[in-house]
Structure formats: C-alpha cells, structure tokens
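> All letters in the sequence shown, in the order written, are residues 490 to 693 by the working numbering. For each residue, glycine too, the CB sits at the ideal point set by N, CA and C. As the structure is a computational prediction, the values presented were derived from the model and not from experiment. Here you go, one structure.
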Amino acid sequence: MTRCVEAVFLTSTPEELAAQYDKWSSSYEDDLLGHAGPAEAVEQFVSFVPRTARILDAGCGTGMVGQLLAEHGYEQIEGLDLSTGMLQEAQKKGCYRAFYQQALGEPLDFSDNSFDAVVVVGVFVMAHARSHSFDELIRITKPGGHIIFTLRPEFYSNTDFKPKMDALVAEERWRLVHVTEPFHGRFQAHPEVNLQVWVYTVNT
Ligand SMILES: C[S@@+](CC[C@H](N)C(=O)[O-])C[C@H]1O[C@@H](n2cnc3c(N)ncnc32)[C@H](O)[C@@H]1O
C-alpha cells in the first residue's frame with residue numbers, strides 16, 4: 490500500500506495523478522480498508538442534507554462515500570473523478586445515477602446551481618485538488634446548499650486552504666456551519682494522520 494499512497498502524492502500533473510489512480514483502482518479499497526474519512530463525512534452529511542437532495546460526490550474514487558450515502562437512503566448521487574479506473578470501480582457499486590470524468594480545479598461542465606450538496610472526501614490533499622476548486626463547487630451548488638469535505642488539520646493551516654476558505658467567507662460566498670474536532674484517520678500506513686470534516690452553506 491505504501492507504494493501506491495506515496496506514488497499519488499509524488500505526482501506533479503493531473504495526468505500523472507489520474508494514471509496512478511488508474512493503476513491503484515482495483516486494490517485501493519483493500520489497501521485503505523477501515524479509513525475514517527468516508528464514514529465521518531457521511532455522518533456529518535446526514536445531519537445537514539435532506540434525503541431528496543441531488544448530490545455530487547466530487548473525487549468519488551471507488552464509490553465508498555456514495556455507497557454509505559445510499560445506505561442512508563440518498564438516491565440522487567452522481568460521481569465525478571479524474572481517473573477513469575476509479576470511476577469504473579465506482580460504477581460497480583450501483584448507487585450512482587451518473588458519472589463525470591472531470592477535474593476539480595478546472596471549469597466544471599455543470600450549470601450554475603445544479604446540486605443541493607457536494608461532498609469531497611480525501612481529495613483536498615497534497616498533489617490533488619487545489620483550493621481554487623471551491624470557486625467552481627460554489628457556482629454549481631444551489632444557494633442554501635452544502636459543501637462538505639475532509640481536510641487534514643495541518644494541511645488546512647499550512648497551505649493556502651485556510652486563507653482561501655476565509656476569503657470565501659469574507660466575500661459572503663459561503664458560511665461555515667460546522668467543523669468537527671480532529672479525529673484519527675485510521676490509515677494503517679499513516680497512523681499519524683488526523684482529519685476534520687468541514688461543512689459550509691452556500692450563500693444566495
Ligand atoms: C484518496 S481518493 C478518495 C476517494 C473517495 N472520495 C473516498 O473517500 O474513498 C482521491 C480521489 O480523488 C480523485 N482526484 C484527485 N484529484 C482530483 C481532481 N483534481 N479532480 C477530480 N478528482 C480528483 C482521484 O482520482 C481519487 O479517485
């Protein structure tokens with residue numbers, strides 16, 4: 490596992506990252522079995538988002554988040570990812586009604602105000618999606634809708650994520666409704682990793 494995890498963090502272009510995830514897709518879930526991100530994010534999600542919501546699982550990977558959302562009764566779940574290999578794995582879950590091979594950080598091919606909620610788990614990390622991805626996620630989320638995502642506490646503090654997230658509050662484009670305390674990520678190869686779940690509401 491360590492080799493695959495390290496490989497994705499060492500990529501320098503979206504194409505390289507997609508190729509690494511394509512290679513990792515068939516063993517990804519075995520390697521990351523029991524990690525806490527999807528379950529903790531979904532636990533927050535159910536507190537804020539009604540079951541009728543149209544949802545985008547952005548960076549859906551193999552579909553672990555979608556599967557948990559479906560178990561909670563959500564039916565309108567759509568998946569977006571950079572990697573076709575990961576999307577093919579997610580398709581096997583049978584809980585997504587549409588898939589999109591697109592990249593966060595680039596213009597997204599959705600109309601304004603398309604989704605009631607966007608969930609992003611394990612994607613705002615080193616060498617993955619950048620903080621300016623939030624601009625497009627806000628654009629495609631309906632006013633009053635939610636954007637819910639995981640971040641490592643030190644990644645939030647030591648990168649441009651904190652200033653970007655604060656700037657979006659100052660610009661009144663979204664407001665923070667909840668952030669969890671740090672919790673253990675339960676990554677076997679990286680026991681030092683903690684995570685937090687952030688919940689924002691998009692302003693009108
Ligand atoms: C660590 S996995 C997390 C997958 C899933 N959300 C989960 O929690 O199991 C990160 C996923 O994000 C995707 N990804 C990375 N950067 C991306 C980007 N800029 N746009 C879209 N997807 C991206 C990868 O292809 C991979 O499937």
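1) Just to check, is the beta-carbon of GLY594 closer than 7 Å to a non-hydrogen atom of ligand 1?
2) ASN692 to SER603, Cα distance in whole Å?
3) Taking DSSP as the reference, what is the three-state secondary structure of ASP601?
4) By the three-class DSSP mapping on this structure, what secondary structure does LYS631 have?
5) I want to check one thing, is the minimum distance from the CB of HIS617 to the heavy atoms of ligand 1 below 7 Å?
6) Who are the near neighbours of PHE498 in its chain, counting only those whose CB is closer than 6 Å to its CB and skipping five residues on each side?
7) By DSSP, does ALA587 sit in helix, in strand, or in coil?
8) Starting from the C-beta of PHE650, find all residues in its chain whose C-beta is less than 8 Å away, skip the five residues before and the five after it, and write them out in chain order.
9) Name the one or two DSSP bridge partners that PRO565 has.
10) Three-state secondary structure (DSSP) at GLN556?
11) Counting contacts by CB-CB distance shorter than 8 Å, is LEU571 in contact with chain B?
12) Decide if PRO632 is buried, meaning its Cβ has at least 16 other Cβ atoms within 10 Å, or exposed.
13) Under 7 Å from any heavy atom of ligand 1, does the C-beta of CYS549 make it?
14) Could you say which of TYR517, GLU532, ARG540 and PRO596 lies nearest to ALA579 if we only look at CA atoms?
15) How many Å lie between HIS561 and VAL535 at the Cα?
16) Since ASP605 and VAL538 are thought to touch, with beta carbons under 8 Å apart, how far apart are those beta carbons, to the nearest angstrom?
17) Do VAL554 and ALA678 have their CB atoms nearer than 8 Å?
Let me lay it out:
1) Start at 1 with the first residue of the sequence shown, and residue 594 comes out as number 105. Under cutoff, so the answer is yes.
2) Counted from its first residue, the sequence shown places residue 692 at position 203. Counted from its first residue, the sequence shown places residue 603 at position 114. Distance between ASN692 and SER603, taken at the CA atoms: about 14 Å.
3) Position 112 of the sequence shown holds residue 601. Of the three classes helix, strand and coil, the one that applies to ASP601 here is coil, per DSSP.
4) Position 142 of the sequence shown holds residue 631. DSSP places LYS631 in strand when its eight states are reduced to three.
5) Within the sequence shown, residue 617 is the residue found at index 128, counting from 1. Short note on HIS617: C-beta closer than 7 Å to some heavy atom of ligand 1.
6) To locate residue 498, count along the sequence shown from 1; it is residue 9. The beta carbon of PHE498 sits closer than 6 Å to those of MET615 and ALA616, all from its chain and outside the five residues before and after it, given in chain order.
7) Counted from its first residue, the sequence shown places residue 587 at position 98. Strand at ALA587.
8) Residue mapping note: residue 650 aligns to position 161 of the sequence shown, counting from 1. Excluding sequence neighbours, PHE650 sits near PHE613, SER620, LEU640 and PHE644.
9) In the sequence shown, the residue the question calls residue 565 occupies position 76. This sequence places Gln at residue 565; Pro is not what is there. Paired residues: ARG543.
10) Walking along the sequence shown from the start, residue 556 turns up at place 67. In the three-state reduction of the DSSP assignment, GLN556 falls in the helix class, which pools H, G and I.
11) No chain B is part of this structure, which consists of one protein chain only.
12) For the purposes of this step, residue 632 is identified with residue 143 of the sequence shown, where counting begins at 1. Answer is exposed; the Cβ neighbour count stays below 16.
13) Taking the first residue of the sequence shown as position 1, residue 549 is located at position 60. Distances between the C-beta of CYS549 and the heavy atoms of ligand 1 include at least one below 7 Å.
14) Here residue 579 corresponds to residue number 90 of the sequence shown, with the count starting at 1. Comparing Cα-Cα distances from ALA579 to each of TYR517, GLU532, ARG540 and PRO596, the minimum goes to TYR517.
15) The sequence position of residue 561 within the sequence shown is 72, counting from 1. The sequence position of residue 535 within the sequence shown is 46, counting from 1. Cα to Cα, HIS561 sits roughly 8 Å from VAL535.
16) Residue numbering aside, residue 605 sits at position 116 when the sequence shown is read from its first letter. Residue numbering aside, residue 538 sits at position 49 when the sequence shown is read from its first letter. For ASP605 against VAL538, the beta-carbon gap comes to about 7 Å, under 8 Å, which counts as contact.
17) Taking the sequence shown and counting its residues from 1, the one referred to as residue 554 is at position 65. Taking the sequence shown and counting its residues from 1, the one referred to as residue 678 is at position 189. Not in contact: VAL554 and ALA678 (Cβ atoms no closer than 8 Å).
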